[in-house]
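As C-alpha cells, the structure follows; a few thoughts come after it.
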Amino acid sequence: MTNVFRVLIVDDSAITRGLFERALIRNDFEIAGMVSNGRKAVDFCRINKVDVVISDYNMPEMNGLEAAKIIISEFGIPVLIYSDDLSIKADSLACGASFEKKPALQSVNDSVLNDFCARVREAVEKSIKDGTVAAQKKSDFDFDKEENFNNDKSFKVLCIGASTGGPTAVQEVLNGLGDNFPLPILYTQHIDIGADEKMVRWFNQVCPNIPMSLAQNGQIAERGHVYMAPAEKHLIIDYVKNDKPVLKLSDEPPERFLRPAVNKLFRSAARHYKKACLALLLTGMGQDGADGCKEITDAGGFTICEDESTCTVFGMPSAAIELGAATRVLPRGYIARAIIKMTR
Numbered sequence: 004m005t006n007v008f009r010v011l012i013v014d015d016s017a018i019t020r021g022l023f024e025r026a027l028i029r030n031d032f033e034i035a036g037m038v039s040n041g042r043k044a045v046d047f048c049r050i051n052k053v054d055v056v057i058s059d060y061n062m063p064e065m066n067g068l069e070a071a072k073i074i075i076s077e078f079g080i081p082v083l084i085y086s087d088d089l090s091i092k093a094d095s096l097a098c099g100a101s102f103e104k105k106p107a108l109q110s111v112n113d114s115v116l117n118d119f120c121a122r123v124r125e126a127v128e129k130s131i132k133d134g135t136v137a138a139q140k141k142s143d144f145d146f147d148k149e150e151n152f153n154n155d156k157s158f159k160v161l162c163i164g165a166s167t168g169g170p171t172a173v174q175e176v177l178n179g180l181g182d183n184f185p186l187p188i189l190y191t192q193h194i195d196i197g198a199d200e201k202m203v204r205w206f207n208q209v210c211p212n213i214p215m216s217l218a219q220n221g222q223i224a225e226r227g228h229v230y231m232a233p234a235e236k237h238l239i240i241d242y243v244k245n246d247k248p249v250l251k252l253s254d255e256p257p258e259r260f261l262r263p264a265v266n267k268l269f270r271s272a273a274r275h276y277k278k279a280c281l282a283l284l285l286t287g288m289g290q291d292g293a294d295g296c297k298e299i300t301d302a303g304g305f306t307i308c309e310d311e312s313t314c315t316v317f318g319m320p321s322a323a324i325e326l327g328a329a330t331r332v333l334p335r336g337y338i339a340r341a342i343i344k345m346t347r
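Count the sequence shown with my numbering and you get residues 4 to 347, in order.
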C-alpha cells in the first residue's frame, strides 16, 4: 500500500503550484498547503503537519535555499528544491535538501510530472529511513497537549527581553509569528547609544510581517507592532487604556548597571496585566529579567525562557529557570509556535 504524504508546495507562480498540485494528487500525495515564498513556508511548517516540502529556488522575501535551511534544521522536514539553475544543486545538497531540475513548463506532460513526483516520494522515504522526518523528530514538548498552555488565551500583551545574541533570536521569533499578530509587543534589548535606530531599521528589513519602532513616551501600544526600548531609557508600562499599554520612558537609575533593564519592563507588565501577561526571556549574559519573570508568574502570567541548546549565552534564561520563574523552557525554534498556540 502506498503511503500518503502531506506536501507543502512553495512557488511564487500560481501556474506552477497548480500543475504540481494536480500531479501530486494524481500520484497519491495529500496537499498540506501552497504558499508563494520561503518565509511563508517557514511560517506554515511551524504550525502545520507537513511530511515534505517542494520548493522553487528563486522567490521574493526568502528564497528556497534559505527556507530549506530553517525547515530542515528546526523541524526535521525533508525539502526538495527545484530550479533551472543547476549551480544551486551543490548548495541544496550541502544544507540537507534534495535537488531536481525544474520541469520545463512549456513542454511539460504527465510523464515528466509523474517522474518528478517519484523523486519527491524518494526524498521523503529516505528521510523516514534516516530518521530525520518531522514526525520522528523528538521533543519533550507536546504542542497538542492543552495543559502545556494557558488555555483561556486571554493575553493582552507580549513582552520580550534579550541581551547577547538577542537580535537574531528575536528576529527568528518575530518571523515565526506570521502576519496580523494579535498583541502589542514590548521589547527591551541591552543596546549601546546610537545603535538603537539602526537596529530598528534592520528589524523592519528582516521582519516585514511585524513592524517595529522605538518606543515613545506616552505612546499607546497597538496590536501587531513591536515597540523597542531606546538606548539609555527604561521602557515600562505606565498604565492601561482600553486593554492597551500606555508606554513610559524612564530615566530611573540603571538596574544591575543596565538601562534599559528587562526587569523594569517585566515588573510593570506583571503589575498592570497579571495573568494577561505573556513574556519571553531570550539569550543574554547576566541575570536581568529573572526577577521580572518571577513577578509575572507570581501574578498568574506566563513566561517562556529560551533553552540552553539554542542560546548564544545562557545567563538570563538560566537565572530565571533557577528562580522557578519559567513557565516553559523551549528551544528557539519552538517558541513562535508556542506563542501562536496561546494567542490564536
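Glycine included, C-beta positions come from ideal geometry on N, C-alpha and C.
If you're wondering where the values come from, they're calculated on a predicted model, not measured in any experiment.
- Here the segment 9-18 makes no contact with the segment 308-323; the two share fewer than three CB pairs at distances below 8 Å.
- Taking all protein chains in view, the Cβ of Asn220 is surrounded by fewer than 16 other Cβ atoms within 10 Å, so the residue is classified as exposed.
- The beta carbon of Val176 is closer than 8 Å to those of Ile163, Leu283, Leu285, Arg335, Ile338, Ala339, Ile342 in its chain, skipping five residues each way along the sequence.
- Under the three-state reduction of DSSP output, Glu235 falls in the coil class, being neither helix nor strand.
- Collapsing the DSSP output to three states places Ala107 in coil.
- Per the DSSP secondary-structure output, Ala282 pairs in a beta bridge with Cys162, Thr306.
- Ranked by Cα distance from Asp241, the first of Ala273, His193, Asp87, Pro211 is Ala273.
- The beta carbon of Leu268 is closer than 8 Å to those of Cys162, Gly164, Leu189, Thr191, Ala232, His237, Leu238, Ile239, Ile240, Gly295 in its chain, skipping five residues each way along the sequence.
- Listed in chain order, the non-local C-beta contacts of Lys277 below 7 Å within the same chain comprise Ala302, Gly303, Gly304, local neighbours out to five positions each way being set aside.
- In this structure, Ser95 is the residue among Asp46, Phe78, Ser95 with its C-alpha nearest to the C-alpha of Leu68.
- Short of 6 Å from the beta carbon of Ile194, and not among the five residues preceding or following it, lie these beta carbons of its own chain, in chain order: Ala234.
- Taking a cut-off of 8 Å on C-beta distances, the segment 45-64 touches the segment 78-95, as three or more cross pairs fall below it.
- Annotated three-state conformation of Met215 is strand, per DSSP.
- In this structure, DSSP gives Thr191 an extended state, which the three-state scheme calls strand.
- When secondary structure is reduced to three states using DSSP, Val209 falls in the helix class.
- Counting along the chain, the unbroken beta strand (DSSP E) around Ile12 starts and ends at 9-13.
- Taking one beta carbon from each stretch, the segment 74-84 and the segment 47-58 have 3 or more pairs nearer than 8 Å; the two touch.
- Rounded to whole angstroms, Thr346 and Pro214 show a C-alpha spacing of 18 Å.
- The closest CA to that of Arg124, considering only Thr330, Ile28, Thr167, Phe184, is found on Ile28.
- In the DSSP annotation of this structure, Ala339 is not part of any beta strand (DSSP E); the continuous alpha helix (DSSP H) holding it starts and ends at 335-346.
- Out of Phe317, Lys105, Asp182, Asn212, the CA that lies nearest to the CA of Thr167 is found in Phe317.
- Counting along the chain, Met319 sits inside the alpha helix (DSSP H) bounded by residues 318-325.
- In the DSSP secondary-structure assignment, Ile57 is bridged to Ile12, Leu83.
- Boundaries cannot be given for Gly227, as no beta strand (DSSP E) includes it and DSSP labels it neither H nor E.
- In this structure, the alpha-carbon of Ala328 lies about 16 Å from that of Gly287.
- The Cβ atoms of Val45 and Ala70 sit closer than 8 Å to each other.
- Beta-bridge annotation (DSSP): Gly287 is paired with Phe317.
- The beta-bridge partner set that DSSP reports for Met202 is empty.
- Nearest Cα to Lys43 within the set Ile74, Phe260, Leu22: Ile74.
- For Ser271, there is no enclosing beta strand (DSSP E); the residue is found in the alpha helix (DSSP H) stretching over 265-276.
- Between the beta-carbon of Met65 and that of Gly36 there is about 16 Å, and that puts the pair past the 8 Å contact cut.
- Around the beta carbon of Ile80, a 10 Å sphere encloses 16 or more other beta carbons of the protein chains shown; the residue is thus reported as buried.
- Secondary structure of Leu252 (DSSP, three-state): strand.
- Note on Arg259: under 16 other CB atoms within 10 angstroms of its CB, so exposed under the neighbour-count rule.
- Assigned with DSSP and collapsed to three states, Leu177 falls in helix.
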